[in-house]
Amino acid sequence: MTAPVVMVVGTASSVGKSTLVAALCRIAARRGLRVAPFKAQNMSNNAAVTADGGEIARSTATQAAAAGVPPTVAMNPILIKPESDRRSQVVVEGKVWKTLSAADYWRDRMPLWDVVAKNLDALRDEYDLVIAEGAGSPVELNLKARDIVNMRVARYAQARTLLVGDIDAGGIFAALLGTLMLLDAEERALVHGMVVNRFRGDPALFTEGVRMLEERGGVPVLGVVPWVHRMDLPEEDAVALDRGRSAAETHALTIAVLRLPHIANFDDFDPLAQEPGVSVRYITSPAELAGAAALIIPGTKATRADLAWLRERGFAQAIAAFGGPVVGICGGYQMLGESIDDALGTEGPAGRERGLGLLPVATSFAAEKRTAPIQARSLLPWAHGAALEGYEIHMGRTVRLGGASPSATLTARRGQPCHEDDGCASADARVWGCYIHGIFASAAFRHAWLATLGWQGGTPATPAPDPYDRLADVVEQHLDAAQLAALFRPL
């Protein structure tokens, strides 16, 4: 039997669509449904790797975790990874398809609709329910004719559509009612209800507002969902870094992370930010290094461009003079080396860049991207033998020079045993890097590294409930029960 589709569209970007989809996935799963998330096209450098080595957006993988199912490329068949303001790498069904300018993508994208439809159909055949997410606004009139992610998906699946608005941003009436007005009649007929998201205070105070929205919009308001603080779910967009990633703490151990222009996979550092007594601070100027116990250079979708940015900002000299530990993950690891060779023009015009020279390694970009879940063991002296688990996602091939020491040994890739050294460490292990995204999720390794910085563990908070359950509890409490049941009913 073909599964029904619930579609969540928003009045704009960053109104809470991804979080609401995650909540609905967990609510449906708790009701015994096999549910899958779906987003036809995502634009993000925060990627996740599936069990078979495919790339999808981190937000979709998070939604799959909320649903209690393994993430697959069918859940996010198109992923756009910006490399500059005008150029992006396009990943189709988990693999690199092309690198295109924005203009070329708009011209070439329509054949991708067949990919979208095929993967949505496959999910509907496999699961009891599919909860799909739109992107931005569904009524960007200049883009609507080429839409493959919003109402075209809703029309194709005859989806039970929810329209979400962010009341905290202001203008909720114009946003929700204006969006409804600009939808075609066929599209408007698919809208089962509106959700007012991120309300601060008692939602009962908005009762009159709900009545006005329903009168003028002609569709019910399913609920007024409050602002939920510190859910500790992965963020997708780098703009979230500007809001900070850890609660302010007095006398916290501060770890500085470079806020690179094309930063990728910054959720690598969420486990650090969630430790008591640790503050993760994203920095854009050398002066902000003051007081930091360690510096991390994160992954990036544009290593060469971000290395140039780093130099322009004066970070090269500041990092060389910094006396504390320096860590590089993926692109950050490449920057720490002697050179980066892009003979193929993977990141733009072919060329060779001088690295920061803090590790004896050299990197060259290959034609094929390596993406895989991995297991490994640390070779760093303060965590020797610690089990690691994460994933790799990189075009670069990095070699150690002059007998330099690796920082880890891979023991499995995609579930298959292997023995392959990864990364590099300085003789005193103060500077180290690797390709292992998710390395700090390994508690033994994370705690051992923090201990070298003087961290003494802090006082653990009372164990928090599963964040997906906590999110689902809040959303379920504030949505109309009958309307929610109607969304989930079989066809």
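Under the working numbering, the residues of the sequence shown are numbered -10 to 480, in order. A virtual CB, placed ideally from N, CA and C, is assigned to each residue, including glycine.
- By alpha-carbon distance to Leu22, the top candidate from Val58, Val(-3), Ala50 and Trp216 is Val58.
- Assigned with DSSP and collapsed to three states, Asn254 falls in coil, not helix or strand.
- The three-state secondary structure of Ile137, taken from DSSP, is coil.
- For Thr39, no beta strand (DSSP E) segment is defined, and its DSSP state is neither H nor E.
- Of the candidates Gly443, Leu296 and Ile137, the residue whose Cα lies closest to the Cα of Ile329 is Leu296.
- Taking a 10 Å sphere around the C-beta of His218, we find fewer than 16 other C-beta atoms and assign the residue as exposed.
- Exposed is the label assigned to Gln147, since fewer than 16 other Cβ atoms lie within 10 Å of its Cβ.
- About 15 Å separates the CB atoms of Ala56 and Ala46; that is not less than 8 Å, and the two are not in contact.
- In the same chain as Leu460, and ignoring 5 residues on each side of it, the C-beta atoms closer than 8 Å to its own belong to Thr8, Ala11, Ala12, Arg15, Ala55, Val217, Met220 and Leu222, in chain order.
- In this structure, the straight-line span from the alpha carbon of Gly337 to that of Ala361 is close to 25 Å.
- Per the C-alpha coordinates, the member of Ala121, Pro275, Ala276 and Pro349 positioned closest to Gly392 is Pro349.
- Taking a cut-off of 8 Å for Cβ pairs, the segment 340 to 355 and the segment 319 to 329 touch, as three or more such pairs fall below it.
- Secondary structure at Phe311: coil, using DSSP grouped into helix, strand and coil.
- Contact between Thr398 and Asp417 fails: their C-beta atoms lie close to 20 Å from each other, not under 8 Å.
- Between Arg403 and Pro395, the beta carbon gap of about 20 Å keeps them out of contact (Cβ cut-off 8 Å).
- Distance from the CA atom of Ala124 to the CA atom of Thr441, rounded to whole angstroms, is 43 Å.
- Distance from the CA atom of Gly(-1) to the CA atom of Ala471, rounded to whole angstroms, is 22 Å.
- By alpha-carbon distance to Lys84, the top candidate from Glu357, Arg478, Asp455 and Gln445 is Glu357.
- The residue from Thr(-9), Leu369 and Val180 with its alpha-carbon nearest to that of Leu118 is Thr(-9).
- Between the alpha carbons of Glu129 and Gly167 lies a gap of roughly 12 Å.
- Secondary structure note for Cys407: its beta strand (DSSP E) is the uninterrupted segment Gln405 to Asp411.
- Cys423 is bridged by DSSP to Ile318.
- Taking Leu171 as the centre and dropping the five residues before and after it, the same chain places the C-beta of Val128 closer than 6 Å to its C-beta, in chain order.
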